[in-house]
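Engineer: My questions will all concern the structure given below.
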Amino acid sequence: MGARPSAASAWISGEMVCLFAVMATLPLWIEAAGLYQYLGIEIAIWMIYGLGFNLLLGYSGLPSFGHGAFFGIGAYVFGLFQAWAFESLLLGIALATVAAFAAGAVVACFLSHRRGIYFALMTIAFGQVFWFIAIKWHTVTGGEDGLLNIPRPALELGVASLPLGSNVALFYFVLLVFAVVVVALWRLVHSPFGKVLQAVRQNEERARFVGYNVWRFKWAVFSLSAAVAGLAGSLFSMAQQSAYPDVMSLHASGVIVMMTLIGGGFVSFWGPVVGVAVYFLARDVLGAVTETWLLWFGLVFVVSVLFKPEGIAGVWQERVSGVLRLRFADAPLRSGRTGDVSIVGPEHGETKDAIGQSPSGR
Amino acid sequence: MALFEARGIHKRFGHQVVLENIDLSFEAGRLSGIMGPNGAGKTTCFNVLTGAFKPDRGRVIFDGEDITGRSPDAIARKGISRSFQTMSLFDEYTALENVLIALPEVRGRGFNMIEPLAMDGEAADRAAAVLSRVGLSGREHRRAGDLAYGERRALEIAVALAAGPRLLFLDEPTSGLGAEATARLADLVLDLKRDYSIVVIEHDMRFLFGLADTISVIHWGQVIAGGTPDELRGNKWVQRSMLADLGGSP
Amino acid sequence: MPNLVPHLLNGLSLGLLFALIALGFMLIVGVMELINLAHGSLFALGAYFAMVIIAPELSWLGSVGEGYQALPLAMRYGLAILLAPVLVAVVGMGLELCMRRTYGKKAEYGLLLTFGAALVIEEIIRLVWGPSEQYLQVPQAVSGAFLFAGLIYSKYKLFAALFAVFAILLVWLFLERTPYGAIIKAGAHDSEMVRALGINLTRLRLLVFGLGAGLAGLAGIVLTPIWGLRPHVGIDAVIPAFLIIVLGGIGSFWGAVLGGILVGLAVGITGAYASEWSLLSMYLLLIAVVTVRARGLLGRKSVLEA
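Protein chains in written order, with this note's numbering: chain X, 84 to 445; chain H, 790 to 1039; chain E, 5 to 310.
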């Protein structure tokens, strides 16, 4: 998970530039590749969602199976704001993000003291509560049908107003948001905060004993991750021009977990990005060939969990680092001034039997 | 007044009484030892003193302040650091990162979400200095999980040291080490003794007798004796309880 | 105020059925320290297997097939309720064989594997039996309704509730009165102890997974005549199972039964006042209980928390 310090020190990494460049050219060739413009929007939105989710799953080791709730809250809040107040793009998005953050913050109060299985089950319970409310509260959410006719407000830039009605225009807007999210999260995971999260995942007890209030970190990361999901949800409601309860279902929440893992969220920042792309391409490419694409995708998923649980990014890293290892095998790890009092000895794993003959007993 | 005091600590798990009326006091600038056979309650005692468990009765006082029942992180922030017998490290992090994360200045900006930690050269230097003190120079960029056993023991101490503690608790630091490594560890602890107030739990009595200024002996959940190593050497109780456990000559 | 008695009775019978669903889940979670997300799919699979056994496509067998189909429905139903869970148990054991690769790795991988398995089983069901709603026949004797104290009750619901009680007792007897049960109970509390007793852990896991899957299938057969049979019916089963286990306390048999009944009563009583929202009550019940009692009502400290 830890990137090289040189990469971390910059605002932008090589991978980022490549990714943005490829995605920026997407509208030019996606139709030639037999796909359609809308797919690009969908992929970019779910990549935002996945990156935010991986903050929780991959970096903090907190498996949430109810994250769809916050995605849905973002979508509904954006739609409701446009319907009840006035049409405003940025205000709507900001409000959706804040609402998801607030909902996440409340839920996190209940979750932060729970661990392992209890954490996972509580996220399911909360996810179901929100999903249920979305279905049953007809007067506000529109029930099973959801909110319809959500507009795509224009991007007001003071002097100019850019309409986002076309899928290409919306794609570029979503891509812009995606870029901002990527840079922000990249900074975050390398910041002290991000490092503490990873420390908590590796060893919660020790993190506590070096003085971190683990509860507050879990609370903060859960709320943040919910906020990112809400942001993605608001974009999704614009893309779909509707908001509906399906995205909040347990199934949808499970799919984001699956995407994140299949890409390799446990071992790489880019895991969810890869996973989302693979999932949507599989859906559209396999889906065009066979109606049971989900069966094949599920089988691939099962096989990958069995044989390569680190996901696609894990396979990639292994190949790359394999090459690196060959090249730098003999390079010394920084010249070592050896401390005068080293307890580093050759006798690894010797048992306590030897202790009786300790020469220090004077 | 003592830097750290425990008064009348009781702790039970279910029906089993693990600690009974424990009184301990550790002076600043000293190396204090807690000794006792396996299962005597040493580690539970440590856990109560450092906040992992709440005592059922009794008070824990650090520097005149009552810290009984505080959370481990709050106690750590007061300046009490500990190592673990069962090594408890951040295995996926490098040795340097393990120490970095434990530095108080990094802890102070734990909620900084923007500036990359790796860009902080000063903190990295300080962490490297801590590693060098425990003899881990040259191992900075090795993953903790990949280090050899003895190196992990050293890192365990380094992480505890990183906080610049006012009181350092070491939980069975010789556990699993061979004779030679134990000797080197003794040198390290002697070196640390110049700068830190230290409490060491050990059941290796030779190790402790050579280092400690004062020793408290725990058996059956009670403090059965206390004093300087010389005073204890003559104590029949101590000899009997330690010999029974080690099953050999001292 | 509405008359609460029918709602309470309804809730109680629903609770017993929920407990039945949760039993297999409880066994697996207790012994294997694994959340079996495929529980719901195995539940659905049991019902589909039963459907095939009750009304198979046997024209290719000629007169033998005709003869089988001429057997009374009750007999074929009885055969299904015995045989289908066994078939599901075999599927479950196959899943356990795959699971073995994940032992000793992060707990999440086991979770993910069962999630993937759930997806695959559900898709296979869709592929084989189609996506539309099917109907699981039940014998004449237990269909229809009867009158009691001036109210109409469904005969089948009564039968299902009694069957649930019967199954719960059977599992309890198995746990209490057989050496396997003793081992499972030991495992449910402490898998190190199981190892210390020199028990073959590999075989125990296989057995427990098979048993858990079989119970899921059995619950599916009993419940789908009430809920209807769709490929994704499993989700309706797996969620209450989760909730009940956490509510009752992981690894506790009576916790699961108590949790099931409580959830059923909560749903039944809210049904009396706000039927639209009745299912929400079980989530709120769980959140309330777990907030106050981290390990559920009868739970002990579990390795799963670490």
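The beta carbon of each residue, even a glycine, is placed where N, CA and C say it ideally should be.
Quick one, are the C-beta atoms of G825(H) and H992(H) less than 8 Å apart?
Structural biologist: A contact, by the Cβ cut-off of 8 Å.
Engineer: Using a Cβ cut-off of 8 Å (strictly closer), state whether G199(X) contacts chain E.
Structural biologist: Yes, contact with chain E.
Engineer: Measuring CA to CA, which of L245(X), P110(X), A203(X) is closest to G149(X)?
Structural biologist: Ranking L245(X), P110(X), A203(X) by Cα distance to G149(X) puts A203(X) first.
Engineer: Spatial neighbours of P373(E) within its chain, please: C-beta separation below 6 Å, excluding the five flanking residues on both sides.
Structural biologist: The structure shown does not extend to residue 373(E), since chain E is modelled only from 5 to 310, so the question has no answer here.
Engineer: So with CB distances below 8 Å, who are the chain E contacts of V388(X)?
Structural biologist: Result: T106, Y113, L116, L117, G120.
Engineer: Between A309(X), K278(X), G381(X), S387(X), which lies nearest to Y295(X) when the distance is taken from Cα to Cα?
Structural biologist: Checking every option, the nearest Cα to that of Y295(X) belongs to K278(X).
Engineer: Would you say the region 897-907 of chain H touches the region 841-861 of chain H, given that touching needs at least three Cβ pairs under 8 Å?
Structural biologist: Because the criterion of three Cβ pairs below 8 Å is not met, the region 897-907 of chain H and the region 841-861 of chain H do not touch.
Engineer: Confirm, please, whether the CB-CB distance from Q120(X) to V293(X) is below 8 Å.
Structural biologist: The answer is no: Cβ separation not under 8 Å.
Engineer: Would you say E393(X) lies against chain H (beta-carbon separation less than 8 Å)?
Structural biologist: Answer no: the Cβ-Cβ gap between E393(X) and chain H never drops below 8 Å.
Engineer: Which residues does DSSP list as the beta-bridge partners of G238(E)?
Structural biologist: Note: G238(E) sits in no beta bridge, so no partner.
Engineer: Please classify D228(X) as buried or exposed, where buried requires at least 16 neighbouring CB atoms within 10 angstroms.
Structural biologist: Label assigned to D228(X): exposed.
Engineer: Quick one: grab the DSSP three-state call for T421(X).
Structural biologist: Low confidence applies here, because T421(X) scores a pLDDT of 38, under 50, leaving its location unreliable and the question unanswered by this model.
Engineer: Give the secondary structure of T295(E) by DSSP, where H, G and I count as helix, E and B as strand, and everything else as coil.
Structural biologist: Residue state, collapsed to three classes: helix.
Engineer: When burial is assigned at 16 or more other CB atoms within 10 Å of the CB, is H804(H) buried or exposed?
Structural biologist: With fewer than 16 other Cβ atoms within 10 Å, it is exposed.
Engineer: In the structure shown, what three-state DSSP assignment does V350(X) receive?
Structural biologist: V350(X): coil per DSSP, three-state reduction.
Engineer: Note down the Cα distance separating V988(H) from G300(E), rounded to an integer number of angstroms.
Structural biologist: If you take the alpha carbons of V988(H) and G300(E), they lie about 39 Å apart.
Engineer: Once DSSP output is grouped into helix, strand and coil, what is the label at Q805(H)?
Structural biologist: It is a strand residue.
Engineer: I need the DSSP call for Y157(E), collapsed to helix, strand or coil.
Structural biologist: Note: Y157(E) maps to strand in three-state DSSP.
Engineer: Inspect the beta-carbon positions of I207(X) and G316(X) and report whether they are closer than 8 Å.
Structural biologist: No, they are not a contact pair.
Engineer: Quick check: the Cα distance between E98(X) and V266(X), rounded to an integer number of angstroms?
Structural biologist: Near 11 Å, if we compare the C-alpha coordinates of V266(X) and E98(X).
Engineer: Name, going along the chain, the residues of the region 872-888 of chain H whose beta-carbon falls closer than 8 Å to a beta-carbon of chain X.
Structural biologist: Within the region 872-888 of chain H, the residues whose Cβ lies closer than 8 Å to some Cβ of chain X are F873, S877, L878, F879, D880, E881, Y882, T883, E886, listed in chain order.
Engineer: Please list the terminal residues of the continuous beta strand (DSSP E) segment that includes T857(H).
Structural biologist: It is not in any beta strand (DSSP E) - T857(H) carries neither H nor E in the DSSP assignment.
Engineer: Apart from the five residues on each side of it in sequence, which residues of its chain come closer than 7 Å, Cβ to Cβ, to L416(X)?
Structural biologist: A caution first: L416(X) carries a pLDDT of 37, below 50, which makes its placement in the model unreliable, though a value can still be read off. Closer than 7 Å at Cβ, skipping near neighbours: no residue.
Engineer: Taking a cut of 9 Å between CB atoms, which residues from the region 285-299 of chain E lie near chain X?
Structural biologist: Answer set for the region 285-299 of chain E: M286, Y287, L288, L290, I291, V294, T295, A298, R299.
Engineer: Out of curiosity, what's the CA-to-CA distance linking F958(H) and G868(H)?
Structural biologist: The straight-line gap from Cα to Cα measures roughly 11 Å.
Engineer: Three-state secondary structure (DSSP) at H457(X)?
Structural biologist: This structure gives no information on residue 457(X), because the portion of chain X shown stretches from 84 to 445.
Engineer: Taking 8 Å as the CB-CB cut-off, is S213(E) touching chain X?
Structural biologist: The amino acid occupying residue 213(E) in the given sequence is Phe; Ser does not appear at that position. It does not: the Cβ of F213(E) has no partner Cβ on chain X nearer than 8 Å.
Engineer: Go to R819(H), then tell me how far its beta strand (DSSP E) extends in each direction, as first and last residue.
Structural biologist: Here R819(H) belongs to no beta strand (DSSP E), and DSSP marks it neither H nor E.
Engineer: Residues of chain H with CB closer than 7 Å to the CB of G294(X), please, in chain order.
Structural biologist: The contacting residues are D862, A865, R866, R896, A952.
Engineer: Please confirm whether E401(X) has its beta-carbon closer than 8 Å to some beta-carbon of chain H.
Structural biologist: No, no contact with chain H.
Engineer: The region 342-369 of chain X: which residues have C-beta closer than 8 Å to a C-beta of chain H, in chain order?
Structural biologist: Against chain H - using a Cβ distance shorter than 8 Å - the region 342-369 of chain X contributes no residues.
Engineer: Would you kindly report the start and end of the unbroken alpha helix (DSSP H) that includes E127(E)?
Structural biologist: 111-133 is the span of the alpha helix (DSSP H), which, as asked, contains E127(E).
Engineer: Any C-beta of chain H sitting closer than 8 Å to the C-beta of L139(X)?
Structural biologist: Chain H, which has no Cβ nearer than 8 Å to the Cβ of L139(X), makes this no.
Engineer: So, do the region 872-881 of chain H and the region 252-266 of chain X have three or more beta carbon pairs nearer to each other than 8 Å?
Structural biologist: No, because fewer than three Cβ pairs between the region 872-881 of chain H and the region 252-266 of chain X fall closer than 8 Å, the two stretches do not touch.
Engineer: Taking only the alpha-carbon atoms, compute the straight-line gap between A168(E) and G275(E) and give it to the nearest angstrom.
Structural biologist: Spanning the two alpha carbons is a distance of roughly 22 Å.
Engineer: With H, G and I counted as helix, E and B as strand and the rest as coil, what does DSSP make of S926(H)?
Structural biologist: S926(H): coil per DSSP, three-state reduction.
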